[in-house]
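Have a look at the structure below before the remarks.
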Amino acid sequence: MGKEGVIYRVAGPVVTAVGISPRMYDVILVGKEQLMGEVIKIVGDKTIVQVYEDTSGVRPGEKVVDTGQPLVAELGPGLLSSVYDGIQRPLPVLRDRMGDFIERGVSAPGLDRSLKWPFTPVVKKGDTVAEGQVIGTVPERAITHKVMVPPGIGGKVDMIKEGEFTVDEVVAVIGGKEVRMMQKWPVRRGRPFARKMAPEEPLITGQRVLDTLFPLTKGGTGAIPGGFGTGKTVTQQQLAKWSDAEIVVYIGCGERGNEMTEVLTSFPELTDPKTGKPLMNRTVLIANTSNMPVAAREASVYTGMTIAEYFRDMGLNVSLMADSTSRWAEAMREISSRLEEMPGEEGYPAYLSARLSEFYERAGRVVSLSGETGSISVVGAVSPPGGDLSEPVTQGTLRIVRVFWALDTKLRERRHFPAINWLTSYSLYSGQLDGWYRQNVAEDFPALRNWAIGLLQKEAELQEIVQLVGSDALPDEQKLTLEISRMVREIFLQQNAYHPVDTYSPMSRQYTFLKLINRFATNAAKAVENEVPVETIANMELRNRLAKSKFEENIEEELKAIAETMDKEFEALGGK
Amino acid sequence: MTSKEYRSITQIAGPLVFVERTEPVGYNELAMVALPDGSERMGQVLDSSDEIVVIQMFEGTTGIPKTAGVKFLGETMKMPVSRDMLGRILSGSGKPLDGGPAIVPEDRLEIIGAAINPWARDNPQEFIQTGISTIDGMNTLVRGQKLPIFSASGLPHNEIALQIARQAKVLSGAEDFAVVFAAMGITNEEAQYFMRDFERTGALKRAVVFLNLADDPAIERIITPKLALTTAEYLAFTLDMHVLVILTDLTNYCEALRQIGAAREEVPGRRGYPGYMYTDLASIYERAGRIKGKKGSITQIPILSMPGDDITHPIPDLTGYITEGQIVAKRELVRAGIYPPIDVGSSLSRLMNEGIGKGRTREDHKAVSDQCYAAYAEGRDLRGLVAIVGKEALSERDRKFLEFADEFERRLVQQGREEDRSIETTLDLMWELLASLDERQLTRIDRKYIEKYHPKYRKKE
Ligand SMILES: Nc1ncnc2c1ncn2[C@@H]1O[C@H](COP(=O)(O)OP(=O)(O)OP(=O)(O)O)[C@@H](O)[C@H]1O
Ligand SMILES: [Mg+2]
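Protein sequence lines correspond, in order, to chains A and B. Its first residue numbered 29, the first sequence is counted upward by one per residue in the working numbering. Its first residue numbered 88, the second sequence is counted upward by one per residue in the working numbering.
Structure representation (structure tokens):
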């Protein structure tokens, strides 16, 4: 059969064609307008295609073309600070070509073909190179972009150039094959690497509850499930802003348009605490909002992951955020139901959990083909219907990821942000990282953290009693426990993402806070023994000062001052 | 394109008509079904193949026989729009109901709006003063936001929506504004209530009204919000107006969606609603916002009633996942005699931070509202405890919080139906309430604001 066929049936984003015999997941151009689609099922002589654009007006009988190629991402200089839709079309280009609204039938390549980049070779003619090996570098915004031998190519360098080139000009000939700065990779397939290694360093995010209580690692996986408005997006944006990764890939998968705008307006104005350059310089944004075509939403997570892998292969630490993986799962469900597949739980396709694990498995710390160590940390937001975590997407995710940040509607209703429930959340990396924290933060950091966790658990138990008898009935020592754990919650756990100082808390400061609260607790316990009323302690000016210190511009000095006066202030309370 | 009439209906089920052996018909194209009595009904193609075409009828299938003729119009559904629509009352499918002349179109627009390119969007950040304290002070609305009212049967959501529509203004002064009102499946009495208020206040002149009432065909409801939003987009982005869109009641819209899903024998999602309901609702709610370089804006206030007062029901739940917050009405507050019965705990405005602060409302706004939230939440928790152990078992501190919660509801939440509070009034009232607490409990407010705005220090001036 030929490369061209005709449409047999159109039902929403799912088009059935006859007269072609493509491979699964090959790209098909559909109809007069050549809308892009992907083969998702083959039955007898019929090919079923999911189309990435609106199919209104498309008719049976129109032409389809089999491109013989799978859906690929374009990888090379020019990715950083780009804003793409789910199939890597740059949104600024789309706006230039079709105005403020997303119309259809426009193709736009992921990488700008007109820009020239300075290419400096690091190998020379006659060298032998293998796939994945670095052959040259290009300075690009926040990083030195490494140009690598595309997978599947290798051998003797027959020719290599130096100078300014566009991404699709030939810069080298290797083993008889032309090599350009741009390479293409099918998004649904993980890029190859030499081997995987266990993550060993935390991904520092500047968010106290995350870094101290439930840390993620460079190369680790985490999920943030939570009902609407509990803080998934804010938390992910905080990670995108402040985490100490070199590259951030942020996928807005089926969420709000205005949230993307917010990222687009705030990121260029914020600076990376590490490099001092605008945050946008290290960021790739994929925005396939809820009202953009659902098939492109399905593809968006793979596009993002492929871009992340490409930077990982250069030996960089990448963090990838997907908001929300539930919308991705729903896109799968929608397509699956159009295919009239036998549904699994709650209408999701039976392969849902397999797809989820395949996706998260692409995270990790690896040694790349060129021998560099890079990592991808993945954080997926999950939006469970009705906030009920027993639903299939949450459950499928929790089976795979190693960090669970549980957002809690109750906490958000009392404006405890981040609304991460400290009793139900967990990090399976926590213990593994103790050594790192001891070495890089403080010897007693793990001990302090365990103290805080223990205190919060104790509080939960006491609260149950208080609900029955009131807090006045408790002995002083327990009243004090409640008072100190309130301090841990209000001073340490609560963190305002919108406050210029509080939004980011470096590890050293997180430690200082815990240390001070702990010292306060020790002093207070002594005072209570000396019969100072708990109420007096709770009303100390020092406590108030500590609570407010996190909002002070000269926070470091303030904390120092508090530390210096603490013992004295407690002495001044007197007691017996 | 073609005017050929087919008489090959093979099946009629619910709102769907199946026709076989037609010429190629485009997906989403319009179809016209001719009834024996000479009347015609409009539908839209949901599925088109060489063998069978499935049409969804907008006005239902009652009275359609198998022998009816079907024509395909060769285009997708478009809506005639014009400036003259202001002041008009139209049916749920856009036909004049007010006895006025037909609309002379300045343009014809596709009703299934294309998505705004996120790159083209502008950040909504202009404060809208609604004059309602629980909204302005605690859940601030901004231009270009979509902020639904989650209500339930028997609660005064219509009053709240009308009060917002009447009082909404931006502080920077007069600008060209319009209201687009779309009713879906509400009762005639409710519709009358809205119309009377629009007439009384003169708002009708600046409004376009679409009415699909409870006894109108349910399927028509599927297109009513799309017509309304197409009109709104024209007013906002072609005629530069600031448009407030009120959609009520989305619950009826979703019921209609479920009805179509069932007729198509689709695999249902939660509680029988279609699996694509999130995407479908997003295609409505996301048609709000601002566009770079355009003067106008679309602000949406959809109203929905939560079946069984259940906020986890798929309709409020999916809505909350799409909109930029929600205003929640609670029955307990109605029982306590409080109007507007807005529960600030479960309400939220996600764009609040964009719209408040220095130069927008007042520098202390964020801190004061955070503090009120925290204090109110604490006071409310204590109510549960008091019911068990009595007020006496509370510490002095706790007693104050308990009283704060009561006063907060009685003085800040409670206000008159015609009472239009300025943002200054609202913020000062919040301070007055906070002043009943020990100053040391105001941990969320910077010292400098306390010294500037706390009544204790203000009096000294
Ligand atoms: N760390 C934080 N600091 C201050 N405010 C926060 C924080 N986290 C969340 N919020 C508040 O909660 C609101 C909702 O958060 P967010 O938009 O992230 O929710 P979400 O879980 O992504 O909801 P949805 O599922 O509907 O997208 C924010 O607009 C903000 O007001
Ligand atoms: Mg979100």
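By construction, the Cβ of each residue, glycine as well, lies at the ideal position given by its N, Cα and C atoms.
Residues of its chain near residue i, where Cβ-Cβ distance is below 6 angstroms and the 5 sequence neighbours each way are ignored
i	result
L313 (chain A)	V111, Y278
V296 (chain B)	I176, F268
G415 (chain A)	G255, T437
I532 (chain B)	A454, Q458
H400 (chain B)	M393, P394
Among the options, nearest to residue i - alpha-carbon criterion
i	options	result
E487 (chain A)	A:P474, A:A475, A:D472, A:K507	A:K507
A158 (chain A)	A:I115, A:V207, A:D113	A:V207
G161 (chain B)	B:R170, B:M129, B:K313, B:I309	B:M129
W356 (chain A)	A:F387, A:V431, A:Y36, A:P220	A:F387
D186 (chain A)	A:V93, A:V199, A:R383	A:V199
E262 (chain B)	B:G383, B:F105, B:R447, B:I429	B:G383
E102 (chain A)	A:W213, A:V556, A:K189, A:K438	A:W213
A273 (chain A)	A:E229, A:I493, A:K74, A:T289	A:E229
L267 (chain A)	A:L502, A:E66, A:Q522, A:R236	A:R236
K417 (chain B)	B:T410, B:A323, B:S434	B:S434
T194 (chain A)	A:S352, A:A409, A:W145, A:E505	A:W145
D137 (chain B)	B:A155, B:G150, B:V106, B:S126	B:V106
E92 (chain B)	B:K158, B:E307, B:K535	B:K158
Cutoff 8 angstroms: residue i Cβ touching any chain B Cβ
i	result
T249 (chain A)	no
F579 (chain A)	yes
V406 (chain A)	no
A37 (chain A)	The sequence given here has Arg at residue 37 (chain A), not Ala. It does: the Cβ of R37 (chain A) has a partner Cβ on chain B nearer than 8 angstroms.
D73 (chain A)	no
E168 (chain A)	no
Y526 (chain A)	yes
K617 (chain A)	The requested residue 617 (chain A) is not part of the displayed model; chain A covers only 29 to 604.
E400 (chain A)	no
P608 (chain A)	The question about residue 608 (chain A) has no answer, for chain A in this structure spans 29 to 604.
I130 (chain A)	yes
K31 (chain A)	no
L483 (chain A)	no
L496 (chain A)	yes
G257 (chain A)	yes
8 angstroms Cβ cutoff, residue i in contact with chain A
i	result
Y540 (chain B)	no
M88 (chain B)	In this predicted model, M88 (chain B) has a pLDDT of only 47, less than 50, meaning its place in the structure is not dependable enough to derive any value.
N210 (chain B)	yes
N245 (chain B)	no
P205 (chain B)	yes
Y363 (chain B)	yes
K544 (chain B)	Here residue 544 (chain B) is Tyr; the residue named in the question, Lys, does not match the sequence. No, Y544 (chain B) lies away from the interface with chain A (no Cβ there is under 8 angstroms from its Cβ).
I199 (chain B)	yes
L64 (chain B)	In the structure as shown, chain B starts at 88 and stops at 548, and residue 64 (chain B) therefore has no counterpart that could be examined.
N440 (chain B)	yes
I414 (chain B)	no
D457 (chain B)	yes
Own chain partners of residue i with C-beta closer than 8 angstroms, once the 5 adjacent residues on each side are dropped
i	result
G30 (chain A)	The predicted position of G30 (chain A) is uncertain, since its pLDDT is 48 and thus under 50; a value taken from the coordinates is nonetheless stated next. The answer, listed in chain order, is G47, I48.
N245 (chain B)	E277, Y280, F281, T335, I390
R293 (chain B)	L173, G174, F264, A265, V266
M594 (chain A)	L544, R547, F548, N551, L570
D134 (chain B)	Y114, V140, V141
Same chain, Cβ closer than 7 angstroms to residue i, five either side skipped, listed in chain order
i	result
L439 (chain A)	A447, N449
(message) Please output, in chain order, the residues near ligand 2 using a CB cut-off of less than 5 angstroms to any non-hydrogen atom of the ligand.
(response) Qualifying residues come out as A:K260, A:T261.
(request) Tell me the start and end of each unbroken beta strand (DSSP E) in the stretch 215-282 of chain B that is at least 3 residues and wholly inside, in chain order. (result) 236-238, 264-273
(request) Any chance you could list the alpha helix (DSSP H) runs of at least 4 consecutive residues sitting entirely within the stretch 432-458 of chain B, in chain order? (result) 439-442
(request) Could you pull out every unbroken alpha helix (DSSP H) segment of at least 4 residues lying fully inside the stretch 201-244 of chain A, listed in chain order? (result) If one requires a minimum length of 4 residues, no alpha helix (DSSP H) run lies completely within the stretch 201-244 of chain A.
(message) At 4 residues or longer, what runs of the alpha helix (DSSP H) sit wholly inside the stretch 472-523 of chain A?
(response) 473-497, 504-515
(request) Kindly provide the ranges of any alpha helix (DSSP H) runs that are 4 or more residues long and lie completely inside the stretch 502-531 of chain B, ordered along the chain. (result) Counting only runs of 4 or more, we get 510-521.
(request) At 4 residues or longer, and completely inside the stretch 302-385 of chain B: list those alpha helix (DSSP H) runs for me, N to C. (result) 311-320, 337-350, 364-372
(request) Counting only runs of 3+ residues fully inside the stretch 255-342 of chain A, write out the beta strand (DSSP E) ranges in chain order. (result) 275-281, 311-316
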